[in-house]
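Data first, discussion second: the structure below is written as structure tokens.
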Amino acid sequence: MSNTPPTIRLSITSDVREVLNVAKKRYPALSDPEILKLGLSKIATERDGVPIFEKERDEIRRGAAYAVGQDYLRDQEEDVYTADMGKKVSFS
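Taking numbering that gives the first Met the number 0, I'd label the letters of the sequence shown as residues 0 to 91.
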């Protein structure tokens with residue numbers, strides 16, 4: 000068995016070169032392979048241009064709203080903590 004890491008072979012077409020040139024202006028310190036890795040990681044961590052964690056957070060909020068109802072979530076009387084609770088502290 001070989002210890003050589005798997006590689007991706009990519010033909011540098013004029014379109015690929017153009018994109019790499021644009022990316023190189025934004026990330027001048029990165030090499031072409033590093034720019035390609037950055038692009039692949041962005042594709043892997045976003046869905047429809049939105050970071051996956053934001054979509055998951057929104058799905059959790061929608062699920063909570065569905066479970067207890069939007070009216071309940073908007074009802075300030077249901078909030079456990081309010082501005083007039085507790086002892087006021089000063090950090091001066």
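Beta carbons are placed, not taken as given, at the ideal position from N, Cα and C, and that holds for glycine.
For residue i, report the span of its alpha helix (DSSP H) as first-last.
i     : result
Pro32 : 31-44
Val18 : 13-25
Lys54 : 51-67
Assuming residue i and residue j are in contact, meaning their beta carbons sit under 8 angstroms apart, how far apart are those beta carbons, in whole angstroms?
i     : j    : result
Val15 : Leu9 : 7 angstroms
Closer than 8 angstroms is the cut-off here; do at least three beta carbon pairs connect the segment 42-60 with the segment 24-34? Contact between the segment 42-60 and the segment 24-34 is absent, because fewer than three Cβ pairs lie under 8 angstroms.
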